[in-house]
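Undergrad: Residue numbers (my numbering): 8 to 486. Backbone N, C-alpha and C define an ideal beta-carbon position, used for all residues, glycine too. Computed from a predicted structure; not experimentally measured.
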Ligand code: C2O
Ligand code: CU
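#1: Roughly how many angstroms lie between the CA atoms of residue 175 and residue 381, to the nearest whole one?
#2: I need the straight-line Cα distance from residue 297 to residue 248, nearest angstrom please.
#3: Per DSSP, what kind of secondary structure is residue 66 in: helix, strand or coil?
#4: Buried or exposed: residue 433, going by 16 or more other Cβ atoms within 10 Å of its Cβ?
#5: Please look up how many angstroms separate the CB atoms of residue 235 and residue 206, rounded, as I've assumed it's under 8 Å.
#6: Quick one: what's residue 130 bridged to in DSSP?
#7: With a threshold of 16 other CB atoms inside 10 Å of the CB of residue 406, please say whether the residue is buried or exposed.
#8: For the ligand CU, is there a heavy atom less than 7 Å away from the beta-carbon of residue 140?
#9: Whose CA, out of 99, 160, 274, lies closest to the CA of residue 129?
#10: Taking residue 322 as the reference, give the member of 354, 360, 293, 277 with the closest Cα.
#11: Would DSSP call residue 393 helix, strand or coil?
#12: On the three-pair Cβ rule with 8 Å, is the segment 70-80 touching the segment 108-128?
#13: Could you spell out the range, first to last residue, of the beta strand (DSSP E) harbouring residue 3?
#14: In this structure, what does DSSP give as the bridge partners for residue 81?
#15: Since I believe residue 118 is in contact with residue 83 (beta carbons under 8 Å), could you give me their beta-carbon distance rounded to a whole number of angstroms?
#16: Give me the Cβ distance between residue 464 and residue 379, rounded to the nearest whole Å; I'm assuming they're in contact under 8 Å.
#17: For residue 280, verify whether its CB is less than 7 Å away from any heavy atom of the ligand C2O.
#18: Taking just the CA atoms, how far does residue 446 sit from residue 473?
#19: Measure how close the beta-carbons of residue 293 and residue 312 come, nearest whole angstrom, since I'm counting them as under 8 Å.
#20: When the Cα atoms are used, what is the spatial distance from residue 477 to residue 42?
#21: With hydrogens ignored, establish whether the beta-carbon of residue 210 is closer than 7 Å to any heavy atom of the ligand C2O.
#22: Among the candidates 153, 199, 182, whose CA atom is the shortest distance from the CA of residue 93?
#23: Cβ atoms of residue 264 and residue 257: under 8 Å apart, would you say?
#24: Take every Cβ of the segment 405-420, pair it with every Cβ of the segment 323-342, and state whether three or more of those distances are shorter than 8 Å.
#25: For residue 149 and residue 137, I'd like the C-alpha separation in whole angstroms.
#26: Please report the straight-line C-alpha distance between residue 484 and residue 318, rounded to a whole angstrom.
#27: How big is the Cα-Cα spacing for residue 314 and residue 348?
#28: Can you tell me whether DSSP reads residue 22 as helix, strand or coil?
#29: Within the structure, which residues are defined as neighbours of the ligand C2O by a Cβ-heavy atom distance below 6 Å, reported in chain order?
#30: Quickly, what does DSSP pair residue 205 with across the bridge? List them, please.
#31: Short of 8 Å in beta carbon distance, which residues of its chain neighbour residue 32, apart from the five on each side in sequence? Order them along the chain.
#32: Output the distance between the C-alpha atoms of residue 454 and residue 468, rounded to the nearest integer angstrom.
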């Protein structure tokens with residue numbers, strides 16, 4: 008009897024192991040796969056309709072800059088720091104601050120000195136598709152020893168950033184990112200304009216401790232704050248507070264807020280890849296300090312007494328902030344197309360190993376990925392329904408979307424435009440965008456592990472295809 012029980016137990020265990028093994032093998036991504044309709048094909052977009060591909064992503068190339076041009080070179084390197092390998096642009100983390108004028112043409116040469124293929128994505132820029140930097144979608148990755156030119160116009164002023172989009176989970180985490188500021192043609196009235204990047208476990212602008220920034224009493228300061236962190240496994244945002252002065256939140260993801268009021272002692276939650284621009288006047292005495300509530304790092308603006316951290320900080324609510332204004336997208340009640348996107352996760356296998364798989368409508372990209380086909384000129388509504396306990400900062404390439412509702416409520420303050428929006432656990436966020444930038448565009452959660460383990464989808468303009476293939480065979484690893 009004992010023997011039979013033991014035998015049955017062994018058979019069951021072997022069976023389970025075999026099943027796990029098979030699932031792990033099945034979950035392995037193929038060496039080559041498509042992220043969008045292929046050029047020259049008739050694509051079946053999952054529904055009834057098939058469409059003829061008449062344009063390639065490479066049609067949306069800026070062949071030559073005309074007018075004011077900014078030339079930059081970004082050299083990607085691998086640096087050994089103790090047992091860690093870091094990746095840097097031009098020898099620093101973050102990479103150099105690129106500061107340009109609205110309307111300029113950027114001509115950027117990426118030189119890859121690393122032992123891995125790479126690329127650059129220009130996060131938040133409503134860019135021409137060919138310069139979007141997604142390997143396997145808009146280009147082939149830039150192989151070791153090669154270089155690549157990105158050429159694009161920056162139509163909109165604001166706080167943006169750039170980062171690797173090849174094996175992003177690893178390369179961005181290791182340091183391949185930097186700030187990009189587009190100054191408005193109208194000019195500004197600030198005395199100091201600083202970009203602060205929160206990155207890694209507890210690093211501000213790539214250093215630990217306190218970062219001092221100069222400003223004198225009475226001067227106006229703009230502080231652009233980017234959360235460049237990967238969000239860990241649960242998508243954790245950062246919570247920052249500006250102490251020592253009242254301030255205004257003037258811009259989110261490169262779009263100005265309408266009628267921003269003075270606030271103080273509020274804590275702003277910033278999801279991975281989101282940017283908030285703060286403006287304030289330096290007080291007559293004492294410094295102004297930016298704190299991160301979870302980390303010891305600080306940014307100190309000006310000199311003098313350190314502001315005390317109040318016992319309580321009210322959470323900043325973007326959806327009630329600023330003053331209302333008419334908006335062509337946010338005020339709409341009808342849309343050309345609407346999609347519900349349920350954000351979830353489950354324990355399983357991904358690319359040959361055990362993983363927390365991240366899904367949209369139960370499907371994990373890239374093998375099983377929602378493809379949304381849009382026509383130029385349409386206004387498309389997306390409803391993100393977060394069914395999970397995690398944060399998901401949903402990001403759309405090439406477009407900014409208007410926030411229609413958060414948990415069913417229309418924002419009561421300023422219209423809100425974002426390229427990345429923090430969809431908090433179990434919340435629902437409805438957004439809409441005008442399809443005015445033809446191409447094949449990636450959209451995904453900007454929590455790096457979530458995107459890596461399946462949380463992405465594609466927005467394909469009707470008739471546009473890509474000649475590129477993703478997959479290890481091409482060293483094109485879009486996430
Ligand atoms: Cu900042 Cu697709 O990413
Ligand atoms: Cu996520």
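TA: Working from what's here:
#1: As a working mapping, residue 175 is identified with position 168 in the chain shown. As a working mapping, residue 381 is identified with position 374 in the chain shown. So the two alpha carbons sit approximately 26 Å from each other.
#2: Translated into the one-based positions of the chain shown, residue 297 becomes position 290. Translated into the one-based positions of the chain shown, residue 248 becomes position 241. Between residue 297 and residue 248, the C-alpha separation is close to 6 Å.
#3: Along the chain shown, one-based indexing puts residue 66 at 59. Three-state result, residue 66: helix.
#4: Residue 433 sits at position 426 when you count from the first residue of the chain shown. Residue burial is scored here from C-beta neighbours: residue 433 has fewer than 16 other C-beta atoms within 10 angstroms and is therefore classed as exposed.
#5: For the purposes of this step, residue 235 is identified with residue 228 of the chain shown, where counting begins at 1. For the purposes of this step, residue 206 is identified with residue 199 of the chain shown, where counting begins at 1. Yes, they are in contact, since the Cβ atoms of residue 235 and residue 206 sit about 4 Å apart, within 8 Å.
#6: One-based indexing of the chain shown puts residue 130 at position 123. Residue 130 pairs with 168.
#7: In the chain shown, the residue the question calls residue 406 occupies position 399. It counts as buried.
#8: The residue given as residue 140 occupies position 133 in the chain shown. Answer for residue 140: no, Cβ out of range of the ligand CU.
#9: Indexing the chain shown from 1 puts residue 129 at position 122. Comparing Cα positions, the closest option is 160.
#10: Along the chain shown, one-based indexing puts residue 322 at 315. Comparing Cα-Cα distances from residue 322 to each of 354, 360, 293, 277, the minimum goes to 277.
#11: The sequence position of residue 393 within the chain shown is 386, counting from 1. Note: residue 393 maps to strand in three-state DSSP.
#12: yes
#13: Any question about residue 3 goes unanswered here, given that the chain covers just 8 to 486.
#14: On the chain shown, position 74 is the one that residue 81 refers to. Paired residue(s): 117.
#15: Indexing the chain shown from 1 puts residue 83 at position 76. Indexing the chain shown from 1 puts residue 118 at position 111. Sure, about 7 Å apart at Cβ, within 8 Å.
#16: For the purposes of this step, residue 464 is taken as residue 457 along the chain shown, with counting starting at 1. For the purposes of this step, residue 379 is taken as residue 372 along the chain shown, with counting starting at 1. Sure, about 7 Å apart at Cβ, within 8 Å.
#17: Translated into the one-based positions of the chain shown, residue 280 becomes position 273. Yes, since a heavy atom of the ligand C2O falls inside the 7 Å radius drawn around the Cβ of residue 280.
#18: Against the chain shown, residue 473 aligns to sequence position 466. Against the chain shown, residue 446 aligns to sequence position 439. Approximately 9 Å between the Cα atoms of the pair.
#19: Mapped onto the chain shown, residue 293 falls at position 286. Mapped onto the chain shown, residue 312 falls at position 305. With 8 Å as the limit, residue 293 and residue 312 qualify as a contact, their Cβ atoms being about 4 Å apart.
#20: In the chain shown, residue 477 corresponds to position 470, counting from 1. In the chain shown, residue 42 corresponds to position 35, counting from 1. Cα-Cα distance, rounded: 7 Å.
#21: What you label residue 210 is simply residue 203 of the chain shown in a count that begins at 1. Checking every heavy atom of the ligand C2O against the Cβ of residue 210, none is found closer than 7 Å.
#22: Working through the chain shown from its first residue, we reach residue 93 at position 86. Relative to residue 93, the option among 153, 199, 182 whose CA is nearest is 182.
#23: As a first step, residue 257 must be located in the chain shown, where it is residue number 250. As a first step, residue 264 must be located in the chain shown, where it is residue number 257. In contact: residue 257 and residue 264 (Cβ atoms closer than 8 Å).
#24: Because the criterion of three Cβ pairs below 8 Å is met, the segment 405-420 and the segment 323-342 touch.
#25: Along the chain shown, read from residue 1 onward, the residue named residue 149 stands at position 142. Along the chain shown, read from residue 1 onward, the residue named residue 137 stands at position 130. Distance between the alpha carbons of residue 149 and residue 137 is about 14 Å.
#26: By one-based count along the chain shown, residue 484 stands at place 477. By one-based count along the chain shown, residue 318 stands at place 311. Each residue's Cα considered, the two are about 46 Å apart.
#27: If you number the chain shown from 1, residue 314 lands on position 307. If you number the chain shown from 1, residue 348 lands on position 341. Roughly 43 Å separates the two Cα atoms.
#28: Position 15 of the chain shown, counting from 1, holds the residue named residue 22. In this structure, residue 22 counts as helix in the three-state DSSP scheme.
#29: Those residues are 128, 130, 170, 172, 280, 402, 404, 449, 451, 453, given in chain order.
#30: Reading the chain shown from its first residue, position 198 is the one you call residue 205. By DSSP's assignment, residue 205 forms a beta bridge with 211, 234.
#31: Counting from 1 along the chain shown, the entry for residue 32 is found at position 25. The residues are 359.
#32: Numbered from 1 along the chain shown, position 447 holds the residue referred to as residue 454. Numbered from 1 along the chain shown, position 461 holds the residue referred to as residue 468. So the two alpha carbons sit approximately 25 Å from each other.
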